[in-house]
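In this note's numbering, the protein residues as written are 454 to 1730.
See below:
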């Protein structure tokens, strides 16, 4: 918050003689050229620093944040960007000035201006800089050398200064909290006049070509003539205090405070005044009350507006309806406030300062400049320093020290016998291999024993270093808690590297051998793929969204329904689906961006907490689906009914007795108010996930209660603290859910009865239980994770104690087996090792506790150190000592990597809704899940889905999210397999069948649950019978309005009539044109091979459909240009014919529509069974984000293709077979579609005559002869 408009003295700010930088109060100056953020006198740079090179296409990012000199004691009081050189000057409350060079913020100069007073303003001029304190004016060179100082009786509580422009640049105006404005001559360095400004003084000065703009503490802005300093006009910007204002061109923008109800409150709006009409123009609503603002030079009417807590936005004063064009946030301390703001003249850098002593830099490009034409900055000569080495440095190389070389032999001169080259001898062949070997000529063949790695000879190290190295090679590491971590490959982030053909020749079968379809992970925000799969395999939700269709352009329910339809069609095809249209609609929701749920390609995965983000996504999307499906439901009465256990029970308000009192038969006024509240709103999503609840708030002082009727869509788990008072034993998971559903808490809130903030008790009571119980596991704090691990430790400890007797019996059996023959011992040893330890990538489903090394090697050679050996990994025997003695036992949670038998999360829970509104839950063991039955008033929930966060400590940038989902029998029947329920692991494009135990298998070192979904065993009949209804009808070809607003629209198609609607098997020629949203990312290796890391992201720009038969054959009935709100990096005009203005509703003269409007037309044709004819249809429909059955695609690329040969372009096919030339200048989709239809007709003729094979051979011969170029044209496809 800016206090520049409030008159105050130094005593109010705490500036005394002791708040100086040096004990003798002597000013000093230092010159630095160092690394970014090198602090002064023990300061330090902030830990966060984004990558040095980024390019966002004009979007701002916080690239640097440094602590200024003295920032640990004083905050930033003012800052300014040097208008002559690449410098930024910062003053603090301790009278110190520091400058930083370039966007790297390398400290340039640092000097003390005043011992006790703060720096009120800093101004850069040609000779140097001017620093203003409340009682003095200082002139310093940019190297910190003192030039001049000015003090006078008129300098009292000064606040701001301004150098006039043009012919008056020698005049300096100094204002403050006094009734005069001081004029100072920069040439003569003396005061030349005083100008009266009134009793409110002058707190802010801004320059304008026609005026000198003065702002005072009363919220008024005065416009003065720069020649005579007489007032020409004034504005009353705010009724309270003026916080800041800026001038650019014909506009003045202000922010400040207003007087409301005898209180000064910050204004939410930015006031804009027009200097041409000299009156108020318009207000701009900001996200947060603005404190500082600056116009962006060179960006017309663009403003940078910052709030007190670091939230700031770019606003366009020329667009009041949609003023906010960008929203950002500076990383400041929770208790920090912004105190200053300035923008460079190039608009590429924005600087902010806070009261915690930090300087924040936001830039819009990778290498920003402060000024378009900056002068060269004088840098000091770097003196070469002599390298020194401390005597205590144990890591420095002694070879760097010159030593005397004697003539006598050195200790390093080894005898010749020790310097000979010796090769490692070949290891002997395993005797068992020799016994089973069969000779064929001179070559012997033997079966693989699988006890050694192929083509590798293991080095047997005797030190622990070799053991650790071996573990790292196998992917086994340990966390700080000592928990062994090994992430199986199926859980790791899938990184797909495409070839030059992109995804067309990629073999997805190696990741997915099931009949279900995965989701592509190359798109931004694809972290939500597991939750999309979770929603798809919830049958009622799938039927609901696939039956929904509305007119909103960006509707999540519609896009989710389209995506589910793609997943249905893609069953058995083996290729993943793309959620590009759904993610596009998700990015357009302002609330999603405000909650940081949308990510960009520049975001580092290592810095993103995906566990917290997916839970926020789950909460937000459920609420969004609920909001978008709200409909009005009119009933005959005002009573509510809910379905519980298949029976309708009437709800009466309120149902929760207070303080144990019984319910009265007569309703109070408050109960009637609750009963009539929101009776006409109905959401089918609430029928699936919602539970009818009553939220109760009670004041602890006056005991007033407020009851609110709400719908809860999910449960956030809340865990108790783990301390010495915690009850012993394992706490059932159902108890945690029960605690979370009935959580009672006290918060500070407003009480209408007390008319003040009071402690308010809050709790919730349930009236109905949800059909699908959605849970967010939380686990976003160290305390919650500690509780989670503690429950697994207790569970495993109890299980280990129960198995102790069983292990002793097995030990006796092993001793008996050791007395057998040597060959049998070796075979038994291998079998026992495989049975006990299991494979690290495929844990055993049985109980598995690893034994000590001595138990694995009963005939091991004795250790040379005997009982004195203390090494935990010694592979030799130690007679007379217990095998586990002297060794550090592995962490008990490491056992979770070897067994799936024990889990704290149950497969089922039994819930009962009590009369008082509370819920009682009980775990159901897996063995009893199939046999347990519901009793009166009870509901059985079965686990159907788990979304988990996978974090590998070795690769923090490859953490990801996976889903374990129980796929029901209806989905298997739809995929034409057996009608069973089975668990699957969904990891983007990878889908693997897993055992049920793996769904609740949570190794604490790398797998953490985030979202749990439970489903009622007996769903209501209306949800069981719910089937998707196709909402797309022929009405979508009705009236189609264009979005273009300029000029006369050029209609290039003839719409379909009612009797022309295509049917099953009818031909429709189609072509689409695209634009690039993101370029392709590829890498070229040293051998010249090129690998696609990330394919280019395209967006459809034009779709054309042509009649394939009938009297109007060849006439287009659909030719839509698709409007896009995303930034286009390449219009591909040469190949698409799309020009920049064609997709802009303000300039386009085409038939411009939304993607959704055209999408549902294509969807209607697909559902009707129409056969599409085109060239490269697979790629066209992939970008459109639609899956079409293969039997409905007729692609001329494949029709005229011979195996093991290249694909032929449409242009060359048209020239060769049709004798026409197309695509001379640019591509036209109508021309391409007609050509594809003619080529298909030509194909049918050749196939009927039997000349197809011969013509294809002629085609390739002609192509090779012409080098696949159309004669007469130089363009090569």
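We put the CB at the ideal spot given by N, CA and C, even for glycine.
Taking the continuous alpha helix (DSSP H) assigned at residue i, which residues delimit it?
i: residue 1620; result: 1608-1620
i: residue 1693; result: 1682-1702
i: residue 1254; result: 1235-1255
i: residue 1449; result: 1449-1452
i: residue 961; result: Where residue 961 is concerned, there is no enclosing alpha helix (DSSP H), given that its DSSP letter is neither H nor E.
i: residue 1650; result: 1649-1652
i: residue 1141; result: 1137-1142
i: residue 1079; result: 1063-1081
CB residue i to CB residue j, shorter than 9 angstroms?
i: residue 1693; j: residue 1649; result: yes
i: residue 698; j: residue 657; result: yes
i: residue 674; j: residue 694; result: no
i: residue 595; j: residue 831; result: yes
i: residue 723; j: residue 746; result: yes
i: residue 1554; j: residue 1575; result: yes
i: residue 1174; j: residue 1240; result: yes
i: residue 783; j: residue 765; result: yes
i: residue 1567; j: residue 1690; result: yes
i: residue 515; j: residue 815; result: yes
i: residue 642; j: residue 622; result: no
i: residue 716; j: residue 660; result: no
Relative to the C-alpha of residue i, which candidate in the options has its C-alpha closest?
i: residue 730; options: 703, 712, 722; result: 703
i: residue 608; options: 630, 620, 848; result: 630
i: residue 987; options: 1416, 671, 1543, 1652; result: 1416
i: residue 1242; options: 696, 523, 1186; result: 1186
i: residue 775; options: 795, 808, 735, 597; result: 735
i: residue 1466; options: 637, 1071, 966; result: 1071
i: residue 451; options: 1559, 1633, 1533; result: The requested residue 451 does not occur in the structure, where the chain is confined to residues 454 to 1730.
i: residue 1184; options: 848, 1172, 1194; result: 1172
At a threshold of 8 angstroms, does residue i count as lining the ligand GTP (C-beta to nearest heavy atom)?
i: residue 739; result: In terms of ligand content, the structure shown is empty, and the ligand GTP therefore cannot be addressed.
The beta strand (DSSP E) with residue i in it runs from where to where?
i: residue 1018; result: It is not in any beta strand (DSSP E) - residue 1018 instead sits in the alpha helix (DSSP H) that spans 1009-1022.
i: residue 565; result: 559-565
i: residue 1467; result: 1460-1469
i: residue 623; result: Element bounds for residue 623: n/a, residue is neither H nor E.
i: residue 651; result: Note, residue 651: premise wrong, no beta strand (DSSP E); not H, not E.
i: residue 805; result: 802-807
i: residue 1761; result: The structure shown does not extend to residue 1761, since the chain is modelled only from 454 through 1730, so no value can be given for it.
Chain B beta carbons: is any one of them nearer than 9 angstroms to that of residue i?
i: residue 1077; result: The chain inventory of the structure shown lacks chain B, comprising one protein chain alone.
Quick check: the stretch 1585-1604 against the stretch 1450-1460, are there 3 or more CB pairs under 8 angstroms? Contact fails: fewer than three Cβ-Cβ distances are below 8 angstroms.
I want to know whether the stretch 1484-1491 touches the stretch 1427-1435 - three or more CB-CB distances under 8 angstroms. These segments do not touch.
I'd like to know if the stretch 1353-1364 and the stretch 1389-1397 are in contact, where contact means that at least 3 CB-CB pairs between them fall below 8 angstroms. In this structure the stretch 1353-1364 lies against the stretch 1389-1397, because at least three pairs of beta carbons, one per stretch, are closer than 8 angstroms.
Count the C-beta pairs between the stretch 532-542 and the stretch 576-592 that are closer than 8 angstroms, then say yes if the count reaches three, no if not. Contact annotation: the stretch 532-542 touches the stretch 576-592, with at least three C-beta pairs closer than 8 angstroms.
Three Cβ pairs or more, each shorter than 8 angstroms: is that satisfied between the stretch 987-997 and the stretch 1462-1472? These segments touch.
Pick out the complete beta strand (DSSP E) segments inside the stretch 1158-1237, 3 residues or longer, and give them in chain order. Within the stretch 1158-1237, the complete beta strand (DSSP E) segments of 3 residues or longer fall at 1158-1165, 1198-1204, 1209-1219, 1225-1229, listed in chain order.
Just to confirm the assignment: which complete beta strand (DSSP E) runs, minimum length 3, are found wholly within the stretch 1501-1584? The DSSP assignment places complete beta strand (DSSP E) segments of no fewer than 3 residues inside the stretch 1501-1584 at 1520-1531, 1534-1537, 1543-1547, 1550-1560, 1569-1575, in order along the chain.
Contiguous beta strand (DSSP E) assignments of at least 3 residues, all confined to the stretch 853-886: Annotation note: the stretch 853-886 contains no uninterrupted beta strand (DSSP E) run of length 3 or greater.
Going along the chain, which unbroken runs of the beta strand (DSSP E) with 3 or more residues stay wholly within the stretch 731-793? Whole beta strand (DSSP E) segments, 3+ residues: 732-738, 745-748, 755-759, 764-769, 777-782.
Below 8 angstroms, can you find three or more Cβ-Cβ pairs linking the stretch 1701-1715 to the stretch 1649-1668? Short answer: they touch.
For a minimum of 3 consecutive residues, which ranges assigned as the beta strand (DSSP E) are wholly contained in the stretch 1391-1454? Counting only runs of at least 3 residues, the stretch 1391-1454 fully encloses the following beta strand (DSSP E) elements, listed from N- to C-terminal order: 1391-1403, 1413-1420, 1435-1440, 1443-1447.
Answer yes if the stretch 1021-1031 comes into contact with the stretch 1052-1066, meaning at least three C-beta pairs across the two stretches below 8 angstroms, and no otherwise. Touching, no.
I want to know whether the stretch 1555-1575 touches the stretch 1522-1540 - three or more CB-CB distances under 8 angstroms. Pairwise C-beta distances place the stretch 1555-1575 in contact with the stretch 1522-1540, as three or more of them are shorter than 8 angstroms.
Do three or more CB pairs link the stretch 1439-1446 to the stretch 966-984 at distances below 8 angstroms? At 8 angstroms Cβ cutoff, the stretches touch.
What ranges does the beta strand (DSSP E) occupy inside the stretch 589-633, keeping only unbroken runs of at least 3 residues that lie completely in it? Runs of the beta strand (DSSP E) lying entirely within the stretch 589-633 and spanning at least 3 residues, in chain order: 590-593, 599-603, 611-616, 624-629.
Any contact of the stretch 1219-1239 with the stretch 1142-1152, i.e. 3+ C-beta pairs under 8 angstroms? Look at the beta carbons and you see the stretch 1219-1239 touching the stretch 1142-1152: at least three pairs across the two are nearer than 8 angstroms.
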